[in-house]
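Q: My structure is below; once you've seen it, I'll send some questions.
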Amino acid sequence: EDMDVLPMLGKMSEDEGAVPSNFVREIVDDWGGRMHTSHTEWDDEKEGVWLRREVPVRDKPNAPVSQVSTFFPQGGPTPTSMDVLFPKSFKAGLKFVRFRLDNAQIHLRAVEGPGGVRVSEESASLLIIGLGITMGYEQTIHYRAFEPCEGSDNPAT
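Written as structure tokens, this is what we have:
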């Protein structure tokens, strides 16, 4: 497979080995302010709990808010989906180098199988507009096989 494509739930170390991390959480924490609101609701049709969070994209008053929705089947401890929808359009960057992000979103899907819940698909997309240039980014990764991380006793990692 293409080693230039980095998964959202891991990082590649210098020796190209997978290093466990949660890239989506890092994105939300890096962009987000110190405050967020959360609420939960039971979904009769899907038979599970939705955890919904509103996270500001900056640590400033009246900052645009991203929506993070995570689904926990039967209200259990392990989610099977997470969707991060950023504001339709918002500005980012440094003081003198500003750009606009449009339609930014991240989606993760997992399946339950032997050894627990495992990520089956992840996708991300956005438009970056700045300095007179518009660039689009879109990536989807489908996982077909899983191996435990080196030194891990948990087969679901």
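Here this note's numbering is used: the first residue of the sequence shown is 1, the next is one more, and so on.
Even for Gly, the Cβ is constructed at its ideal location relative to N, Cα and C.
1. Please determine, among Ile129, Gly76, Asn103 and Phe90, the residue with the shortest C-alpha to C-alpha distance to Asp83.
2. Look at the Cβ atom of Ser120, then the Cβ atom of Tyr143, and state whether they are nearer than 7 Å.
3. For Asp83, which beta-bridge partners are listed by DSSP?
4. Give me the Cα-Cα distance between Ser21 and Leu108, rounded to the nearest whole angstrom.
5. Give the straight-line distance between the Cα atoms of Gln74 and Glu47, rounded to the nearest whole angstrom.
6. State yes or no: is the C-beta of Val117 within less than 7 Å of the C-beta of Thr78?
7. Assign His36 to one of three DSSP states: helix, strand, or coil.
8. From the DSSP secondary-structure annotation, give me the bridge partner or partners of Val117.
9. Looking at the unbroken beta strand (DSSP E) that takes in Glu47, where does it start and where does it end?
10. Name the residue from Thr70, Arg100 and Ile106 whose alpha carbon lies nearest to the alpha carbon of His39.
11. Which of the three DSSP states is assigned to Gln74 in this structure?
12. If contacts are defined as beta-carbon pairs under 8 Å, then Leu101 and Leu126 qualify, I think. What distance do you get, rounded to the angstrom?
A: Checking against the coordinates, here is how it stands:
1. The count along the sequence shown starts at 1 and reaches residue 83 at position 83. Checking every option, the nearest Cα to that of Asp83 belongs to Asn103.
2. Along the sequence shown, one-based indexing puts residue 120 at 120. Along the sequence shown, one-based indexing puts residue 143 at 143. Going by C-beta atoms, Ser120 is nearer than 7 Å to Tyr143.
3. Numbered from its first residue, the sequence shown carries residue 83 at position 83. Partner(s): Ser69 and His107.
4. Residue 21 sits at position 21 when you count from the first residue of the sequence shown. Residue 108 sits at position 108 when you count from the first residue of the sequence shown. Caution applies to Ser21, whose pLDDT of 48 falls short of 50 and renders its modelled position unreliable; the model cannot decide the point.
5. By 1-based counting over the sequence shown, the position of residue 74 is 74. By 1-based counting over the sequence shown, the position of residue 47 is 47. The alpha-carbon separation between Gln74 and Glu47 amounts to approximately 6 Å.
6. In the sequence shown, residue 117 corresponds to position 117, counting from 1. In the sequence shown, residue 78 corresponds to position 78, counting from 1. Yes, the pair counts as a contact, with Cβ atoms nearer than the cut-off.
7. Here residue 36 corresponds to residue number 36 of the sequence shown, with the count starting at 1. Of the three classes helix, strand and coil, the one that applies to His36 here is coil, per DSSP.
8. For this step, residue 117 is matched to residue 117 along the sequence shown. In the DSSP output, where bridge partners are listed per residue, Val117 has Glu112.
9. The sequence position of residue 47 within the sequence shown is 47, counting from 1. Element bounds for Glu47: n/a, residue is neither H nor E.
10. As a first step, residue 39 must be located in the sequence shown, where it is residue number 39. Closest option to His39, judged by alpha-carbon separation, among Thr70, Arg100 and Ile106: Thr70.
11. In the sequence shown, the residue the question calls residue 74 occupies position 74. Here Gln74 sits in coil by DSSP.
12. Walking along the sequence shown from the start, residue 101 turns up at place 101. Walking along the sequence shown from the start, residue 126 turns up at place 126. Sure, about 6 Å apart at Cβ, within 8 Å.
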